[in-house]
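In the UniProt record's numbering, the protein residues as written are 1 to 141.
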Amino acid sequence: MDYIADIILGLGAFGAGYYCLILSRRLKRFNNLQDGMGSAVAVLSAQVDDMTKTLAHAQSAAGQSADVLTALTERAEDSARKLELMMASLHDLPEAPSPQTEMAPELTGNMGDFTSTRSSNPAPKHDIPVFLRHRVMEAAE
Numbered sequence: 001m002d003y004i005a006d007i008i009l010g011l012g013a014f015g016a017g018y019y020c021l022i023l024s025r026r027l028k029r030f031n032n033l034q035d036g037m038g039s040a041v042a043v044l045s046a047q048v049d050d051m052t053k054t055l056a057h058a059q060s061a062a063g064q065s066a067d068v069l070t071a072l073t074e075r076a077e078d079s080a081r082k083l084e085l086m087m088a089s090l091h092d093l094p095e096a097p098s099p100q101t102e103m104a105p106e107l108t109g110n111m112g113d114f115t116s117t118r119s120s121n122p123a124p125k126h127d128i129p130v131f132l133r134h135r136v137m138e139a140a141e
């Protein structure tokens, strides 16, 4: 009976050793960095690092864009205020008569009978512009 118990104990020890050997091989394959789960974990870890760097770069770029956009918005608001002021000042100006209708009778006459307006009337006429640009400049002032 002692021999049978020793044989059963030996077989149990060999079975446990065989189980440990198989478990060891499976664990090596599982943790293998090229083919197993270790490879997947290593790849995912590298991807997380890359995504973290990309996210940090995107956040800094977004911050810079927000700063530039804020500056441009302030500049646009200042320009809008200036334009509103200019538009309000234009409402205060009197309406000017059309220069084409006033100048048309003078230009249709014969050039032979042209007389200088300076000799007959030394004061300039403000309702007939000599240079349209000067009239616009006076209106702007």
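For each residue, glycine too, the CB sits at the ideal point set by N, CA and C.
If you're wondering where the values come from, they're calculated on a predicted model, not measured in any experiment.
Three-state secondary structure assigned by DSSP to residue i
i, result
"residue 145", "For residue 145 there is no data in the structure shown, the boundaries of the chain being 1 and 141."
"residue 80", "helix"
"residue 74", "helix"
"residue 86", "helix"
"residue 55", "helix"
"residue 69", "helix"
"residue 21", "helix"
"residue 2", "helix"
"residue 27", "helix"
"residue 50", "helix"
"residue 9", "helix"
"residue 44", "helix"
"residue 62", "helix"
"residue 16", "helix"
Pairwise C-alpha distance: residue j and residue i
i, j, result
"residue 13", "residue 19", "10 Å"
"residue 73", "residue 31", "56 Å"
"residue 70", "residue 83", "20 Å"
"residue 10", "residue 43", "45 Å"
"residue 79", "residue 90", "16 Å"
"residue 66", "residue 50", "24 Å"
"residue 54", "residue 40", "21 Å"
"residue 17", "residue 58", "55 Å"
"residue 26", "residue 15", "17 Å"
"residue 29", "residue 35", "8 Å"
"residue 22", "residue 46", "31 Å"
Residue i classed as buried or exposed, judged by whether at least 16 other C-beta atoms fall within 10 angstroms
i, result
"residue 104", "In this predicted model, residue 104 has a pLDDT of only 49, less than 50, meaning its place in the structure is not dependable enough to derive any value."
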